[in-house]
Amino acid sequence: MLSLLPLATLLLHITSVTATPVPIPTDANEPCESCDWKGSMTYESERTSRFGVSSSYESSHAMPGTGGDSGAFQHDMPDAASPSGTGNTRVLPIPKGSSDASHAMPSSNSFASTDPTSTGSANASTPDLQGQDNASSSGNDSTGGVVNPFANANKTVTATMSVNGKDVTVHGVSAMGTDAYLGIPFAAPPVEDLRWKRPEPYAYGDEVNATTQPVGCMQPPPLGAWGGGAQAPYGQSEDCLTLSVLVPEGTKPDAKLPVMVWIYGGAFTQGSGSIYNSPLLLNYGAEAGQPFVLVTVNYRLGIFGFPIGQDAKTNKAGNLGLHDQIAGFRWVKEHIASFGGDPNRVTGFGESAGAISLSYLMFNETQDLFSAAILQSGAPSTTNTPPLGSWDTEYKTVLSNAGCQDWECLKQISAEKLLNVSNEANVSPALVFTPTQDGELITDRPFEIVKQGKFADIPFISGNVQNEGTLFLPPNITMDELRTYFKNTGDAAMSNETWQKILDAYPANGTYTSSVNVSTSSTQGQQVQVSSDFHRAATLYGDKSFDSRRRWMMQHARHQNTTYAFEFAGPYSAFPPVYGVGHGSDVFYLFGWVGIDPRNPKEQAALGYQMMAYWINFAYHHDPNAKPAISVGANGIAQAVQQTYWPPYGDDKASMLLKPGNVTRINDTFRPQMSVFDEEDVAAASNF
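The sequence shown lines up with residues -19 to -1, 1 to 669 when you count with mature numbering (1 follows the signal peptide of the UniProt record, and there is no 0).
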């Protein structure tokens, strides 16, 4: 159902826009006298916050999708952010220089500034793919539009973990109030004979160099809105099974802090953990009195993580990317206490493919990988989940393009060649390399598993952005083209009668533009021209792939799980207004990237802080309602802001609207016609 191909059209349309301020309640910056936390941190200005930037900082920090050709956040950077602010202010430096990203220890003890020409197990052989820098670029100040917050770290830290009775010293770096252990291997390199094998244990030596940003897994060039190499900014390699651990500065091993494990999105073909190795979210928790441990996990992508065809079934190579995630969670359970985390308080959170992944891991009713989950724009069936062994025609195209006759031959070709021939084979608008029904992790159609309530009884939050479908369709699309599109993305069995049933639920005279504004003359840059069918098609697509699947899961979980729902309505200025609150917009708020750009209205930064508070509360208490948010008032003083109560999702379908200047309770009853996708014939024809 999901496609990256239409996103290529966004390269022509992404533009800088001027966001319209949303009125904020008059009491939003008032101290919360009844709260158990009182802010007392003073800053030089409103734009100098404890979350990492000074008022002179006007560049993107680790923002996926804002580099390269997007046109947004492309500014001249000063040599360093001015060291303004006092007390607990954590100023984000503009890093310079480079360092090696290898796991192997360098010859000297200068871990924070290792020789960029030295070699290492994961990165020395990393090819220069699609114009991206190879792994030795990990210390660059800006790679693919991403700023590395640890490039200039001049302080080292260590942690000691026990592996099979042997002490292993992990060397990390410290900067911006964060101790970071970057790129720790959690599984053996899945290369050569281990290609298309489930992750196996890593053979640790006495020390691990975790001082530089890790490479991403093999992936094609970013498309459309995610341009500029920002999905794997520090290079890529087949040897990529690493994770990073970020903790508040000075955290002791016995701290037993809650752990939040981030699984990145990217349609199972793109992404990397490194772009989320940001101190901003972590610093918020620490200074709000709720410190936690942040872990980001790499997993294999595309044909490397989700091979296709009958040979994949014969060789039991299904869902390897999900098995990588499981191995990452297992590593956390075993070793996170060495870094100050509590292995019994692990929350998995992710967006898009990351959220879909977590929902599939929840199909194991006895799973103990995480005790709570936060699913952003992803639920079971968001992508097609065919039986393992499907897409055999595409697999044979891979064989032919590689000059191979069989699976064993494919295992011998280089990672670069395999990536290229798989890209050539993936000509369908459908996502070919995605999770499948493997009889183990996913035992049936996800629609049926959810219907039967066969998933782990853990609390979770699940929500969507307001306009999920806009970024996935070309703006000049017609409904006839959408029908053809669905046929080409796995819905070929959908009859004309079933399609008409869907169209009847989404009539041409319906209202679909209430939250999506067409570009106007006031918008800077090129305007986006849309067809008369665009908003109708985008709404239908978003409901089919995202909102209806999330609602289906919520409806079947609310009687056995404690659940919370949300609708996110915060605009992101890199997207033209025609796309509304597009897919992925919430991530920029949650990780603090919207808040550090001084051009954005204060209400947007405030919403980001409120989201951080809700998410961290949930990691602490399995309830988003606990401590208030903190924000910076007009006087520059950090103050507690009373959070709106977020009720559980029950029979009344209570939900939360997360909108700048208007965080309020709503009911999850908008567009009731999306229930058409829950009807058996429609669900079956949609490959749910």
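Glycine residues also receive a C-beta, built at the ideal position from the N, C-alpha and C atoms.
Answer with buried or exposed for SER89, where buried requires no fewer than 16 other C-beta atoms within 10 angstroms of its C-beta. Confidence in SER89 is poor, its pLDDT being 30 and thus under 50, which makes the residue's placement too unreliable to answer from.
Tell me the DSSP bridge mates of MET655? For MET655, no pairing in a beta bridge is given by DSSP.
Write down every uninterrupted run of the alpha helix (DSSP H) in the stretch 580 to 647 whose length is 4 residues or greater and which is fully enclosed by it, in chain order. Fully enclosed alpha helix (DSSP H) runs of no fewer than 4 residues occupy 583 to 602 of the stretch 580 to 647, in order along the chain.
Under a three-way DSSP split, which group does ARG530 fall into? Three-state DSSP puts ARG530 in a helix.
Am I right that VAL413 and TRP372 are in contact with their C-beta atoms under 8 Å? What's the rounded C-beta distance? With 8 Å as the limit, VAL413 and TRP372 qualify as a contact, their Cβ atoms being about 5 Å apart.
Thinking C-beta only, is ALA354 closer than 9 Å to LEU369? No, they are not a contact pair.
Between ALA161 and the rest of its own chain, which residues show a CB-CB distance below 6 Å, the 5 nearest in sequence each way excluded? Closer than 6 Å at the Cβ level, and outside the excluded window around ALA161, lie PHE131, GLY153, VAL154 and LEU227.
Check this for me: beta carbons of SER667 and LYS525, under 9 Å apart or not? Contact: yes.
Looking at the secondary structure, which residues open and close the alpha helix (DSSP H) in which MET142 lies? Judged by DSSP secondary structure, MET142 falls outside any alpha helix (DSSP H) and instead within the beta strand (DSSP E) spanning 136 to 144.
Beta strand (DSSP E) segment containing ASP438, residue limits: Looking at the DSSP string, ASP438 is not in any beta strand (DSSP E), and its letter there is neither H nor E.
On a Cα-Cα basis, can you pick out the residue from PRO609, ARG176, LYS136 and ASP659 that is closest to LYS432? A check of alpha carbon separations from LYS432 across PRO609, ARG176, LYS136 and ASP659 identifies ASP659 as the nearest.
If you draw a straight line from the C-alpha of PRO361 to the C-alpha of PRO629, how long is it? Answer to the nearest angstrom: the Cα atoms are 21 Å apart.
Apart from the five residues on each side of it in sequence, which residues of its chain come closer than 8 Å, Cβ to Cβ, to MET517? Note on residue identity: the sequence assigns Arg, not Met, to residue 517. If we look at ARG517 and ignore the five residues flanking it on each side, its Cβ neighbours are MET460, TYR487, ALA489, GLY491 and TYR493.
Report the residue from THR223, SER319, LEU571 and TRP574 whose alpha carbon sits nearest the alpha carbon of PRO234. PRO234 has its Cα closest to that of SER319, out of THR223, SER319, LEU571 and TRP574.
Assuming ASN296 and THR159 form a contact by the criterion Cβ under 8 Å, report the distance between their Cβ atoms to the nearest whole angstrom. Wrong, their Cβ atoms sit about 41 Å apart, outside the cutoff.
Just to confirm the assignment, what range does the alpha helix (DSSP H) spanning ILE483 have? Where ILE483 is concerned, the enclosing alpha helix (DSSP H) stretches over 477 to 486.
Local conformation of TRP243 per DSSP, three classes: Strand.
So SER255 packs on TYR215, CB below 8 Å; how close in whole Å? Distance from SER255 to TYR215 at the Cβ level is roughly 5 Å; contact confirmed, criterion being Cβ atoms closer than 8 Å.
Tell me which residue opens and which closes the alpha helix (DSSP H) that SER338 is part of. Segment 334 to 342, the alpha helix (DSSP H) holding SER338.
Apply the 10 Å Cβ neighbour rule to PRO170 and answer buried if 16 or more other Cβ atoms are within range, or exposed otherwise. PRO170 should be labelled buried.
Would you check if the distance between the CB atom of GLN510 and the CB atom of ASN457 is smaller than 9 Å? In this structure, ASN457 lies closer than 9 Å to GLN510 by Cβ.
State the DSSP-derived secondary structure class of ASP419, mapped to helix, strand or coil. DSSP places ASP419 in the coil class of the three-state scheme, outside both helix and strand.
Could you name each continuous alpha helix (DSSP H) segment of 4 residues or more that falls completely within the stretch 303 to 367, going from the start of the chain to the end? Complete alpha helix (DSSP H) runs here, min 4: 334 to 342.
What does DSSP give as the partner residues of ASN668 in its beta bridges? DSSP, once it has assigned bridges, lists no residue as partnering ASN668.
Paired residues, beta bridge with THR277 - DSSP: Checking the DSSP bridge columns, you'll see THR277 partnered with SER225 and TRP243.
Validate contact between the stretch 136 to 146 and the stretch 303 to 322 using beta carbons, cut 8 Å, 3 pairs: With a cut-off of 8 Å on Cβ pairs, the stretch 136 to 146 is in contact with the stretch 303 to 322, counting three or more such pairs.
Nearest to ALA546 by alpha carbon, out of SER443, LEU571, PRO367 and GLY523? For ALA546, the closest alpha carbon among the candidates SER443, LEU571, PRO367 and GLY523 is that of SER443.
Apart from the five residues just before and just after ASN300, which ones in its own chain have a Cβ nearer than 6 Å to its Cβ? Closer than 6 Å at Cβ, skipping near neighbours: PRO416, ASP419 and LEU422.
In angstroms, rounded to a whole number, what distance separates the CA positions of ILE577 and MET157? Distance between the alpha carbons of ILE577 and MET157: 14 Å.
Exposure label - GLU268; buried when at least 16 CB within 10 Å: GLU268 should be labelled buried.
Three-state class that DSSP yields for SER371 in the structure shown: The answer is coil: DSSP assigns SER371 none of H, G, I, E or B.
Going by beta-carbon coordinates alone, are LEU224 and ILE165 separated by less than 9 Å? In contact: LEU224 and ILE165 (Cβ atoms closer than 9 Å).
Taking Cβ positions, are PHE527 and TYR553 nearer each other than 9 Å? Their beta carbons are not under 9 Å apart, which means PHE527 does not touch TYR553 by this criterion.
Suppose contacts are defined by Cβ-Cβ distances below 9 Å. Is CYS198 in contact with SER253 by that definition? The answer is yes: Cβ separation under 9 Å.
Which residue comes first and which comes last in the alpha helix (DSSP H) that contains GLY523? Here the alpha helix (DSSP H) through GLY523 covers 515 to 523.
For THR232, which residues of its own chain have a beta-carbon under 6 Å away from its beta-carbon, when the five flanking residues on both sides are left out? Taken in chain order, the residues that qualify are GLY321.
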